[in-house]
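In this note's numbering, the protein residues as written are 1 to 74.
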Amino acid sequence: MPLYDFHCEQCETKFEVRASIKEKQAGLQPECPTCHSHVVRQMVAAGLVLHGSDGGGLSSSGPACGCGTSGCCG
């Protein structure tokens, strides 16, 4: 089961909730373990936000052979 990170808007506590994807899709409403508030927001993991693709692994600054603009790549 995935872990979801939450932040309580009332007391600033950060906590994790383990729930199935089905539970999450059904409208998971976690409760803060410190103040028992339901005024919480889900935090997004930084690794998921920053993940990207460079379009195939080749550098966009020049030819893949490393000879710059001299035309040696043929």
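Just so it is clear, CB atoms sit at the ideal spot from N, CA and C, and this is done for glycine as well.
Note that the structure is a prediction, hence the values are computed from the model and not measured.
- In this model, His7 and Glu23 are separated by some 19 Å (Cα to Cα).
- According to the DSSP secondary-structure assignment, Gln42 is paired through a beta bridge with Phe6.
- In this structure, the CA atom of Gln25 is about 10 Å from the CA atom of Ala19.
- For Glu23, the three-state secondary structure derived from DSSP is helix.
- For His36, there are no CB contacts under 7 Å within the same chain when 5 residues up- and downstream are skipped.
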